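Comments concern the structure below.
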Amino acid sequence: MSQPIPMILHCPICRMQHIDRPDANWTNPPHKIHLCRRDQGGCGHIWAPANIATMGVEQLWPSAEPINEFDLAQLRHAYQQLYDGTVKQQRDFADGLIAPIIRKLELLL
Ligand SMILES: [Zn+2]
Ligand SMILES: [Zn+2]
Numbered sequence: 000m001s002q003p004i005p006m007i008l009h010c011p012i013c014r015m016q017h018i019d020r021p022d023a024n025w026t027n028p029p030h031k032i033h034l035c036r037r038d039q040g041g042c043g044h045i046w047a048p049a050n051i052a053t054m055g056v057e058q059l060w061p062s063a064e065p066i067n068e069f070d071l072a073q074l075r076h077a078y079q080q081l082y083d084g085t086v087k088q089q090r091d092f093a094d095g096l097i098a099p100i101i102r103k104l105e106l107l108l
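Numbering that gives the first Met the number 0 applies: residue 0 is where the sequence shown begins, and numbers increase by one.
Written out as structure tokens, the structure reads:
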């Protein structure tokens, strides 16, 4: 199965957030069908959010996955594009949301 797509997943029955990571009972191979685990306080429901492998993550951005120079370069590019735009809201968005993430990443890398 191909590389799973990271997603924010909640059990459709009990709404508990489903996070896929290996632990004592589970090696976390790529999977389409997710189990709301009773050993983690869930309800036991089984569901497939998509017909491809997906991975429940805590948050999508900033990612829990290791970040790298490529991510940072892309973010700087996005910032510059927004900032160079003529729309004030875009500049505010770039300064208010993207610039702080860039600064945080620069400290982490
Ligand atoms: Zn799962
Ligand atoms: Zn559930």
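For each residue, glycine too, the CB sits at the ideal point set by N, CA and C.
Treat the numbers as computed from the prediction; the structure is a model and nothing was measured.
For residue 74, which option in 35, 17, 6 and 104 has the closest C-alpha, if you only look at C-alpha atoms? By one-based count along the sequence shown, residue 74 stands at place 75. Answer by Cα proximity: 104.
Does the Cβ of residue 19 lie closer than 7 Å to at least one heavy atom of ligand 1? What you label residue 19 is simply residue 20 of the sequence shown in a count that begins at 1. It does: the Cβ of residue 19 is within 7 Å (strictly closer) of some heavy atom of ligand 1.
At a threshold of 7 Å, does residue 76 count as lining ligand 1 (C-beta to nearest heavy atom)? Stepping through the sequence shown from its first residue, residue 76 is reached at position 77. Result no, Cβ not under 7 Å from ligand 1.
Return the first residue and the last residue of the beta strand (DSSP E) that residue 4 is part of. In the sequence shown, the residue the question calls residue 4 occupies position 5. Start and end: 4 to 6.
Strictly closer than 6 Å from CB to any heavy atom of ligand 2: give me those residues in the order they appear in the chain. 10, 12, 13, 15, 35, 41, 42 and 44
Looking at the unbroken alpha helix (DSSP H) that takes in residue 70, where does it start and where does it end? Against the sequence shown, residue 70 aligns to sequence position 71. First-last of the alpha helix (DSSP H) with residue 70: 68 to 83.
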